[in-house]
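Taking our numbering, the leading residue of the sequence shown gets 10, the next gets one more, and so forth. For reference, the structure discussed in these notes is given below.
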Amino acid sequence: MTNTPNTALLGSGARAFIDRRNHPMLIGGAWVDAIDGARFDVIDPADESVIASVPSAGRADVERAVQAATLAFEHGAWPNLRPAERQRLLLKLADLIERDAQVLAEIESVDNGKSAVVARAVDIALTVDFFRYMAGWATKIE
10 MTNTPNTALL
20 GSGARAFIDR
30 RNHPMLIGGA
40 WVDAIDGARF
50 DVIDPADESV
60 IASVPSAGRA
70 DVERAVQAAT
80 LAFEHGAWPN
90 LRPAERQRLL
100 LKLADLIERD
110 AQVLAEIESV
120 DNGKSAVVAR
130 AVDIALTVDF
140 FRYMAGWATK
150 IE
């Protein structure tokens, strides 16, 4: 296994993401490492290089994430938003994913070995469609 991923064919956005190498997880609006400091390597299946190191969440991390999500859902801004505002936010997320589709497709390609063309046409496009579909439900469910 090599230590350096081959990022020569990637655009600058995907290359910058991979070059960061050590990524935290997002819990309760904060970027954090695993409580016990455990990490695992993400391997590029094409050349077996290490493309990233990510936290290896344990039970305490999962409990922390569930507590943060429960708190946000019950007492955060989301439950107090009007349906139209929820829809607007989900549509904005879809727009941002679509804006960065090529970067996301390249990262997905390195992560799982499929071509970036397929990742963009299928994975990223379906993700955008899913968020837009769900955004529509925000104003339909009572």
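Here a beta-carbon is modelled for each residue, glycine too, at the ideal position from N, C-alpha and C.
- [ ] Please confirm if the segment 17-25 is in contact with the segment 114-127, defined as three or more CB-CB distances below 8 Å between the two stretches.
- [x] The segment 17-25, when compared against the segment 114-127, does touch it at the 8 Å Cβ threshold.
Open item on the list: Give the list of continuous alpha helix (DSSP H) stretches no shorter than 4 residues that lie fully inside the segment 60-89.
Closed with: Listed in chain order, they are 68-84.
- [ ] Grab me the residues of Ala147's own chain with a C-beta within less than 8 Å of its C-beta, minus the 5 sequence neighbours each way, in chain order.
- [x] As a first step, residue 147 must be located in the sequence shown, where it is residue number 138. Only Pro92, Ala93, Arg95, Gln96, Leu99 meet the Cβ criterion.
Open item on the list: I need the boundaries of the beta strand (DSSP E) containing Arg91, first residue and last residue.
Closed with: In the sequence shown, the residue the question calls residue 91 occupies position 82. No beta strand (DSSP E) contains Arg91, which DSSP labels as neither H nor E.
Open item on the list: Give me, in chain order, the residues of the same chain whose beta-carbon lies closer than 8 Å to that of Ile52; leave out the 5 immediate sequence neighbours on both sides.
Closed with: Within the sequence shown, the letter at position 43 stands for residue 52. If the five residues before and after Ile52 are omitted, its C-beta is found closer than 8 Å to the C-beta atoms of Met10, Ser58, Val59, Ile60, all from its own chain and listed in chain order.
- [ ] Would you be able to state if there are at least three C-beta pairs under 8 Å between the segment 70-90 and the segment 35-51?
- [x] With the cut-off at 8 Å, the segment 35-51 and the segment 70-90 touch.
Task: Pro54 burial status per 10 Å Cβ neighbour count (16 or more: buried) - done: By 1-based counting over the sequence shown, the position of residue 54 is 45. With fewer than 16 other Cβ atoms from the protein chains shown falling within 10 Å of its own Cβ, Pro54 counts as exposed.
- [ ] State whether the segment 24-33 contacts the segment 124-135, with contact taken as three or more CB pairs (one from each stretch) at a distance under 8 Å.
- [x] With a cut-off of 8 Å, the segment 124-135 and the segment 24-33 do not count as touching, because too few Cβ pairs lie within range.
TODO: Output the boundary residues of the alpha helix (DSSP H) element that contains Val112.
DONE: Within the sequence shown, numbered from 1, the residue matching residue 112 stands at position 103. Counted as a single uninterrupted DSSP element, the alpha helix (DSSP H) harbouring Val112 occupies residues 110-121.
- [ ] Run the CB neighbour count on Asp45, radius 10 Å, all protein chains shown included, and call it buried at 16 or more, exposed below.
- [x] The count along the sequence shown starts at 1 and reaches residue 45 at position 36. Asp45 is exposed by the Cβ-count criterion.
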